[in-house]
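What follows is a single structure, written as structure tokens, with notes after it.
Number of protein chains: 2
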Amino acid sequence: MLEMIAGGVCAPKGFAANGVHCGIRKNKVKKDLALITSDVRCAAACVYTQNLVKGAPILVTKEHVKDGYVQAVVVNSGNANTCNANGVEIAEEMCALVEKYTGIKKEDVVVASTGVIGMELKIDPIAGGMEELVKGLKSDGEHSSFAAEAIMTTDTVKKEAAVSFTLGGKEVKMGVICKGVGMICPNMATLLMFITTDANITPAMLQKAISADVKDSLNMLSVDRDTSTNDTMCILASGLAGNAVIDEDNEDFKTFCEALHTVTTEMCRKLAADGEGATRLIECRVRGAKTKEDARLAAKSVVNSNLVKAMIFGADANGGRVMCALGYAGADLDPMKIDVDFRSAAGLLPAYRQGSAVAFSEEEAKRILSEKEIDIEINLNEGEYTATAWGCDLTYDYVKINGDYRT
Amino acid sequence: MLEMIAGGVCAPKGFAANGVHCGIRKNKVKKDLALITSDVRCAAACVYTQNLVKGAPILVTKEHVKDGYVQAVVVNSGNANTCNANGVEIAEEMCALVEKYTGIKKEDVVVASTGVIGMELKIDPIAGGMEELVKGLKSDGEHSSFAAEAIMTTDTVKKEAAVSFTLGGKEVKMGVICKGVGMICPNMATLLMFITTDANITPAMLQKAISADVKDSLNMLSVDRDTSTNDTMCILASGLAGNAVIDEDNEDFKTFCEALHTVTTEMCRKLAADGEGATRLIECRVRGAKTKEDARLAAKSVVNSNLVKAMIFGADANGGRVMCALGYAGADLDPMKIDVDFRSAAGLLPAYRQGSAVAFSEEEAKRILSEKEIDIEINLNEGEYTATAWGCDLTYDYVKINGDYRT
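Top line first, the protein sequences correspond to chains A and B. Position 332, counted from 1, in the first sequence is what my numbering calls 335; the numbers after and before it change by one each time, with no gaps. Position 316, counted from 1, in the second sequence is what my numbering calls 319; the numbers after and before it change by one each time, with no gaps.
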């Protein structure tokens with residue numbers, strides 16, 4: 004019943020968006036300030052980075068979301084507003100500017116920043132650009148895209164999606180924009196994900212939904228294991244779809260969570276494929292684990308391994324590196340039971356059976372591993388649990404981007 | 004009183020070594036089989052990888068070291084003898100070949116292998132090369148170097164050292180050879196470290212010494228966080244120095260541990276500097292931590308960060324990445340108290356004070372960070388504990404080496 008639709012964060016009823024270049028970035032073409040607003044106050048829930056060094060916007064957003072309701076999201080790129088003495092003050096001024104031009108109370112604004120850490124964020128360009136940003140707000144897919152562009156840093160493609168589904172006979176929509184190259188990701192490529200929905204749902208159930216979802220979506224995504232200081236995932240529910248309010252863990256809640264998981268995992272695949280310098284998406288699917296946590300640890304360990312990542316870049320079927328990553332994953336497993344396959348659009352390559360390497364043709368391996376998406380399929384043969392993790396290859400360009408980023 | 008001397012593993016009384024090319028590697032110049040022997044049975048102690056996927060040689064070595072005494076070490080490079088159905092059998096045959104040509108009992112032989120995982124190790128070249136290897140054994144520095152060469156994989160320089168010190172008026176020596184690019188390291192670059200000493204010490208105290216030492220030496224070394232399946236650190240003590248036997252935690256034991264730490268940390272610096280593709284050595288020194296473990300977690304997190312490593316490659320003084328790595332280290336710290344400095348032979352660059360970035364000259368930063376060794380000095384300003392970790396920069400060549408390794 005769930006259908007992918009156009010429109011991004013503007014697809015659900017009640018939301019408008021825009022993105023402009025205000026001058027935080029020197030590059031005059033790249034948009035650097037985004038705004039999403041709702042016609043009504045929305046139930047809201049967020050999850051944040053677990054890094055102890057937290058961006059100032061996170062401290063301000065936490066205060067604003069505390070009562071469970073917000074009405075707008077303002078985001079800048081080009082500067083993370085982190086490790087600056089006046090960071091909280093600047094983040095609060097950004098919210099006040101939204102109030103000045105939209106009338107939405109500053110305490111109902113979610114604020115986020117992404118870019119370089121430890122460089123003062125000047126309020127001037129934001130103050131100068133806010134009027135144009137607010138005047139241009141529209142409820143169409145084009146303007147969702149403008150917002151998606153404005154939050155990009157080293158991203159090379161915009162990341163948006165929207166779905167339509169049904170709750171108690173009512174059509175409900177959910178839209179998302181995001182940026183960054185991982186939950187565990189470069190500090191200049193903070194993960195930011197903003198989801199809108201017109202579902203009628205309480206803040207508590209919304210929080211429950213995203214806190215559960217993140218364990219099998221963003222937390223299973225890794226570009227380089229560097230947990231950012233500014234990661235923020237935020238969902239706003241306007242309630243305008245008119246479904247019976249979701250205030251308990253019922254069938255409607257399950258349907259809602261499925262829709263949520265569809266958009267978040269779609270974003271995970273897009274984020275991993277666009278990982279800094281990446282040429283290939285890696286999807287690691289583990290089955291046969293004793294527990295859910297064992298499955299997650301095993302899958303995550305494989306996509307985190309620099310050696311596996313470099314091997315995928317080289318289209319080299321070195322299954323021993325997958326075995327090695329499984330061995331130090333921290334999962335309860337028996338190396339002598341493990342099966343490993345590589346799979347892509349070009350075919351399937353069995354690599355390990357019961358912990359031992361199996362022979363294969365090098366040409367066949369090269370052909371299969373040269374595709375854009377490589378699946379690493381692992382059977383631990385221990386139990387019934389499964390997990391999927393997303394990552395990307397490690398390339399010369401990753402080193403180039405991160406050796407040169409700031410200067 | 005401790006003095007660096009020449010001679011490697013042949014410096015202590017009673018040890019001989021050699022290394023030859025036997026044909027495991029196709030490259031006909033590169034030595035691939037090494038042997039260290041002792042005139043007498045030696046007290047012995049080992050520490051191994053914690054990876055659940057363990058190389059077959061480790062299983063055999065554990066059996067042989069169980070009684071606390073061994074008399075020889077045989078090592079091949081070019082093949083890790085791991086994830087092979089007949090791995091244990093081959094490792095046992097290697098020990099039997101040592102017995103055949105030296106008369107040393109096969110149960111008194113430590114065996115290790117390093118190279119590709121999941122490729123059968125043929126016994127033929129080893130059987131063919133053993134006679135030449137044994138005939139060439141000598142107790143001089145040249146032959147210690149031959150052994151050091153024979154265990155190298157992607158290493159670009161030999162790694163050996165020896166020290167002389169005094170226990171109760173007797174001169175005692177300790178020598179070491181090692182290879183690999185980290186305790187947490189590429190699976191084809193397994194860390195192997197073999198230490199010889201003529202100190203008179205019981206197996207139990209020897210185990211106590213290396214188990215304690217490894218926490219502040221090899222376990223603080225990281226090239227890429229990929230814990231190998233074959234890491235082995237082994238120490239042999241012949242007792243021929245004639246000092247009063249060390250059988251308890253006394254002053255002599257402390258002196259012995261200091262000598263041990265001198266050679267192991269010297270090796271850590273050499274291993275990190277020669278990390279795959281590395282152009283710079285990173286030494287991260289943390290002080291002011293609440294506990295020893297907090298200090299270790301913080302230092303290790305910084306040298307493990309791909310972003311810090313890529314930044315050092317680019318000679319870019321982005322202290323925010325150090326702050327970010329400290330924030331997710333898992334250590335008990337307050338971001339607002341942290342000071343960060345970069346230091347090299349070219350000078351000192353303060354980067355963060357009390358959690359906030361400090362201004363600096365870009366030219367000055369470039370000059371300081373362009374040296375071969377970069378120290379990252381961190382004061383957590385929380386307590387009295389310190390720790391040091393070693394790593395290297397992340398470079399194009401790391402990606403090249405690991406994208407191309409097997410094929």
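Backbone N, C-alpha and C define an ideal beta-carbon position, used for all residues, glycine too.
Quick one: is Gly71/B near chain A, going by C-beta distance under 8 Å? Walking along the second sequence from the start, residue 71/B turns up at place 68. Not closer than 8 Å to any Cβ of chain A, the Cβ of Gly71/B fails to qualify, so no.
Cβ neighbour criterion (16 or more within 10 Å) applied to Gln74/A: The count along the first sequence starts at 1 and reaches residue 74/A at position 71. It counts as buried.
Measure the C-alpha to C-alpha separation of Cys260/A and Asp400/B and round it to an integer number of angstroms. As a working mapping, residue 260/A is identified with position 257 in the first sequence. As a working mapping, residue 400/B is identified with position 397 in the second sequence. Near 44 Å, if we compare the C-alpha coordinates of Asp400/B and Cys260/A.
Nearest CA to the CA of Lys182/A: which residue from Ile379/A, Phe168/A, Asp35/A and Arg283/A? Counted from its first residue, the first sequence places residue 182/A at position 179. For Lys182/A, the nearest C-alpha among the options comes from Asp35/A.
Report the residue ranges of all alpha helix (DSSP H) runs contained in full by the stretch 47-82 of chain B; include only those spanning at least 4 residues, in chain order. 59-68
Is the distance from the Cβ of Val68/A to the Cβ of Ala46/A below 8 Å? Your numbering for residue 68/A matches position 65 in the first sequence. Your numbering for residue 46/A matches position 43 in the first sequence. Against a cut-off of 8 Å, the Cβ pair of Ala46/A and Val68/A comes out as no contact.
What alpha helix (DSSP H) runs, 4 residues minimum, are completely inside the stretch 130-154 of chain B? 144-153
Distance between Val101/B and Ala313/A (C-alpha atoms, nearest Å): For the purposes of this step, residue 313/A is identified with residue 310 of the first sequence, where counting begins at 1. For the purposes of this step, residue 101/B is identified with residue 98 of the second sequence, where counting begins at 1. Using only the alpha carbons, I get a separation of about 38 Å.
Interface partners of Gly330/A on chain B, CB under 8 Å: In the first sequence, counting from the first residue as 1, residue 330/A sits at position 327. The answer, in chain order, is Asn54, Leu55, Val56, Lys57, Thr230 and Thr232.
Please state whether the Cβ-Cβ distance between Thr199/B and Ile39/B is less than 8 Å. Numbered from 1 along the second sequence, position 196 holds the residue referred to as residue 199/B. Numbered from 1 along the second sequence, position 36 holds the residue referred to as residue 39/B. Yes, Cβ-Cβ distance for Thr199/B and Ile39/B is below 8 Å.
To the nearest angstrom, how far is the alpha carbon of Glu279/A from that of Ile404/A? Taking the first residue of the first sequence as position 1, residue 279/A is located at position 276. Taking the first residue of the first sequence as position 1, residue 404/A is located at position 401. Spanning the two alpha carbons is a distance of roughly 7 Å.
Using the C-alpha atoms, what's the distance from Ala247/B back to Gln210/B? In the second sequence, residue 210/B corresponds to position 207, counting from 1. In the second sequence, residue 247/B corresponds to position 244, counting from 1. Those two C-alpha atoms are separated by around 18 Å.
Taking the alpha-carbon positions, what's the Asn222/A to Met236/A distance? In the first sequence, residue 222/A corresponds to position 219, counting from 1. In the first sequence, residue 236/A corresponds to position 233, counting from 1. The alpha-carbon atoms of Asn222/A and Met236/A are separated by roughly 11 Å.
Since Pro128/A contacts Gly291/A with CB under 8 Å, what's their CB separation in whole angstroms? Here residue 128/A refers to the residue found at position 125 when the first sequence is read from its first residue. Here residue 291/A refers to the residue found at position 288 when the first sequence is read from its first residue. Going by Cβ atoms, the distance from Pro128/A to Gly291/A rounds to 53 Å, so no, they are not a contact pair.
Residues of chain B with a CB under 7 Å from the CB of Ala298/A: which are they? On the first sequence, residue 298/A is found 295 positions in, with the first residue counted as 1. Within 7 Å Cβ-Cβ: nothing; Ala298/A doesn't reach chain B, min ~16 Å.
Alpha helix (DSSP H) segments (min. 4 residues) lying fully within the stretch 253-277 of chain B: 254-276
Report buried or exposed for Thr350/A, applying the criterion of at least 16 other Cβ atoms within 10 angstroms of its Cβ. The residue you call residue 350/A lines up with position 347 of the first sequence. One point to set straight first is that residue 350/A is Gly, not Thr, in the sequence displayed. Gly350/A should be labelled exposed.
Report buried or exposed for Asp158/B, applying the criterion of at least 16 other Cβ atoms within 10 angstroms of its Cβ. Your numbering for residue 158/B matches position 155 in the second sequence. By the 10 Å Cβ count, Asp158/B comes out buried.
Pick out whichever of Ile379/A, Asp344/A, Ser373/A and Ile377/A has its Cα sitting closest to the Cα of Phe363/A. The residue labelled residue 363/A in the question sits at position 360 within the first sequence. Ranking Ile379/A, Asp344/A, Ser373/A and Ile377/A by Cα distance to Phe363/A puts Asp344/A first.
Touching by the beta-carbon criterion (3+ pairs, under 8 Å), the stretch 351-370 of chain B and the stretch 293-300 of chain B: no
Sub-8 Å separation of Arg283/A and Asp378/A beta-carbons: As a working note, residue 283/A is residue 280 in the first sequence. As a working note, residue 378/A is residue 375 in the first sequence. In this structure, Asp378/A does not lie closer than 8 Å to Arg283/A by Cβ.
Please classify Asn30/A as buried or exposed, where buried requires at least 16 other C-beta atoms within 10 Å of its C-beta. Counted from its first residue, the first sequence places residue 30/A at position 27. Classification of Asn30/A: exposed, given that the 10 Å Cβ count is below 16.
Do Phe168/B and Leu329/B count as a contact pair if the criterion is CB distance below 8 Å? Start at 1 with the first residue of the second sequence, and residue 329/B comes out as number 326. Start at 1 with the first residue of the second sequence, and residue 168/B comes out as number 165. No.
Out of curiosity, what's the CA-to-CA distance linking Thr64/A and Ile93/A? Numbered from its first residue, the first sequence carries residue 64/A at position 61. Numbered from its first residue, the first sequence carries residue 93/A at position 90. Near 13 Å, if we compare the C-alpha coordinates of Ile93/A and Thr64/A.
In the DSSP output, which residue or residues are listed as bridge partners for Asn382/B? Translated into the one-based positions of the second sequence, residue 382/B becomes position 379. Answer by DSSP bridge pairing, in chain order: Arg290/B and Asp342/B.
Excluding the 5 residues flanking Cys327/A on each side, which residues of the same chain have their C-beta closer than 8 Å to its C-beta? Translated into the one-based positions of the first sequence, residue 327/A becomes position 324. Cβ neighbours of Cys327/A beyond the five flanking positions: Ser308 and Leu310.
Would Asn382/B pass as an interface residue toward chain A - the criterion being a Cβ-Cβ separation below 8 Å? Here residue 382/B corresponds to residue number 379 of the second sequence, with the count starting at 1. Not one chain A Cβ lies under 8 Å of Asn382/B.
Contact check, Ile154/A vs Ser80/A under 8 Å by CB: the rounded distance? Residue mapping note: residue 154/A aligns to position 151 of the first sequence, counting from 1. Residue mapping note: residue 80/A aligns to position 77 of the first sequence, counting from 1. About 5 Å; that satisfies the 8 Å criterion.
Quick one: which residues of the stretch 361-395 of chain A get their C-beta closer than 7 Å to a C-beta of chain B? List them in chain order. Glu365
Is there a Cβ from chain B that is less than 8 Å from the Cβ of Asn87/A? Residue numbering aside, residue 87/A sits at position 84 when the first sequence is read from its first letter. Chain B, which has a Cβ nearer than 8 Å to the Cβ of Asn87/A, makes this yes.
In or out: Ala215/B buried (at least 16 other Cβ within 10 Å) or exposed? Along the second sequence, read from residue 1 onward, the residue named residue 215/B stands at position 212. Answer is exposed; the Cβ neighbour count stays below 16.
Around the Cβ of Cys98/B, are there at least 16 other Cβ atoms within 10 angstroms (buried) or fewer (exposed)? If you number the second sequence from 1, residue 98/B lands on position 95. When all chains shown are included, Cys98/B counts as buried.
Does Gly183/B come within less than 8 Å of chain A when only Cβ atoms are used? Here residue 183/B refers to the residue found at position 180 of the second sequence. Chain A, which has no Cβ nearer than 8 Å to the Cβ of Gly183/B, makes this no.
Cβ-based neighbour list, Val43/A, same chain, cut-off 8 Å, excluding 5 preceding and 5 following: Stepping through the first sequence from its first residue, residue 43/A is reached at position 40. Counting only Cβ-Cβ distances below 8 Å, and skipping sequence neighbours, we find Gly17, Gln74, Ser241, Gly242 and Leu243.
Cβ of Met177/A within 8 Å of Cβ of Ala262/A? Reading the first sequence from its first residue, position 174 is the one you call residue 177/A. Reading the first sequence from its first residue, position 259 is the one you call residue 262/A. Yes, they are a contact pair.
Is it right to say Lys257/A is buried, meaning 16 or more other beta carbons lie within 10 angstroms of its own, or is it exposed? Your numbering for residue 257/A matches position 254 in the first sequence. By the 10 Å Cβ count, Lys257/A comes out exposed.
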